[in-house]
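First residue of the sequence shown? That's 4 in the working numbering, and the numbers climb one at a time after it.
Note that the Cβ used here is the ideal one computed from N, Cα and C, for glycine as well.
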Amino acid sequence: MNITLDLRPALGEQSINKLKDTIARLGPNDGLTLVLDAADAHEADRLTAELRMHGFDYYAKGAAGKTYSIIAERQLLQ
């Protein structure tokens, strides 16, 4: 299952806490899509650091200069 977490209109401490709470509820095979305003893309470092800390790989995708999405999946253990 993929969960979409809309963090608009602005990033802040509440967004980080919302991400942490969501990660805690995800199953091992669940994916996560974070949606931000494109203007906040430069502030995504704290979000991606949190994802890495919890074993996620991710990539970013912009949409016509309006939104910025981070698509994340757990890394597979080898």
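Original post:
Counting along the chain, where does the beta strand (DSSP E) carrying lysine 64 start and finish?
Top reply: As a working note, residue 64 is residue 61 in the sequence shown. 59-66 is the span of the beta strand (DSSP E), which, as asked, contains lysine 64.
**OP:** List the endpoints of the continuous beta strand (DSSP E) containing alanine 75.
**Re:** As a first step, residue 75 is located in the sequence shown; it is residue number 72 there, counting from the start. First-last of the beta strand (DSSP E) with alanine 75: 70-77.
**OP:** Identify, in the order they occur along the chain, each residue of the same chain with its Cβ nearer than 6 Å to the Cβ of arginine 11, setting aside the five sequence neighbours on each side.
**Re:** Counting from one through the sequence shown, the residue named residue 11 turns up at place 8. Only Asp40 meet the Cβ criterion.
**OP:** For the alpha helix (DSSP H) holding aspartate 33, just list the boundary residues, first then last.
**Re:** The residue you call residue 33 lines up with position 30 of the sequence shown. Per DSSP, aspartate 33 belongs to no alpha helix (DSSP H) and is neither H nor E.
Original post:
With respect to the beta strand (DSSP E) encompassing leucine 8, which residues constitute its N-terminal and C-terminal limits?
Top reply: Position 5 of the sequence shown holds residue 8. Element bounds for leucine 8: 5-9.
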